Structure formats: structure tokens, C-alpha cells
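The structure appears below as C-alpha cells.
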Amino acid sequence: MKLSEIKNLLNTVKTVNFQLPNGTMVPEHFHVTEIGVITKHFIDCGGTVRSEKVANFQLWNANDFEHQLKPEKLINIIALSEKVLCMEDLEIEVEYQSETIGKYDLAFDGENFMLTAKKTACLAQDNCGIKQESKSEEKACCSTESNCC
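Okay, so the sequence shown: first residue is 1 according to the working numbering, each after it adds one.
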């Protein structure tokens, strides 16, 4: 989800709720303690130099159980971040600590903002000898004769 998308969605909801991938809700008294830009400049295993940028939201729980972030307040925090940090319309990555700090993508199910699991991938599969699956191989895996589906 991009910054422009969350701002539009925040204009349609009465409350800001985040749900973890396991279905549990982030406690409603969470804070957005940071909004920033994270830039990752790296080289992949195939030798290609790459750069990625995301808008980072950090969620945090305190013991102030009466606190509840309103959509309008989050819109204002985002607007200030965009202005001060000259933020582009970036994809959002959410940091949230349960047992350890997790990084999540963000989606919306019509009611709640969903923290979705991020995945790793080889960016240079052609240089690593990793064969990409074709559509026919995917169909073969899930044929009626296979036990995978």
C-alpha cells in the first residue's frame, strides 16, 4: 500500500485498527512513534546495484490504555512527514514489536489495516542458476493426480 492509498482509506474509516498476520489485533492504544523514509542501497548476488525506498511506520504500545489514534490525527502525522521529509508516494512498510521487531507490508480488508508477511526473494535468479517455474509446471503440480492441492 502506498501513502496516497492509506490517506484515502483513512478518510473512510472511523477507527484505525491494525491486524497481525495471525489474526490478532494490535492493541487499540498503539502509537505511531515514527514515520520516515528508509533507503536500502545494495548489490544483489548477481552483481547488480539496487536501491529501494519505503515509507516506514513504527507502531508501539504503551501503558496509556485510554489512548486511541484517530484517522484524522494519523492523516496529519503523514502530511507533516511528507512535508518535512519531502516524502514521495512510497510503499509503506510497518514495524511492530511483538516478541521481536517485525517488518510487514500493509493491506486493507475494508475495515482493518492488515499487517501482511514480507517475503525474501532472489533478485538475480537468472545469474544463480535458479530455474523459474513456467505456468505449465504450476498446473502440473496442482493436477488432479497430484497430492499438493
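Heads up, the beta-carbon is just placed ideally off N, CA and C, and yes, glycines get one too.
Computed from a prediction, not measured in an experiment: that's the story for all the values here.
Check, Outcome
"Under the three-state reduction of DSSP, which class applies to residue 105: helix, strand or coil?", "strand"
"Do residue 111 and residue 54 count as a contact pair if the criterion is CB distance below 8 Å?", "no"
"Determine contact between the segment 27-40 and the segment 123-132, defined as no fewer than three beta-carbon pairs at a distance below 8 Å.", "no"
"Look up residue 51 in the DSSP assignment and give the residues it is bridged to.", "41"
"Based on DSSP bridge pairs, tell me the residues matched to residue 117.", "104"
"Decide yes or no for the touch test of the segment 93-103 against the segment 64-80: beta carbon pairs closer than 8 Å, at least 3 of them.", "no"
"Assuming residue 94 is part of the beta strand (DSSP E), what are its boundary residues?", "92-97"
"What are the boundary residues of the alpha helix (DSSP H) that includes residue 20?", "Element bounds for residue 20: n/a, residue is neither H nor E."
"Could you check whether residue 107 and residue 100 sit closer than 8 Å to each other, using their CB atoms as the reference points?", "no"
"Can you list, in chain order, the residues of its chain whose CB lies under 8 Å from that of residue 14, leaving out five sequence neighbours each side?", "71"
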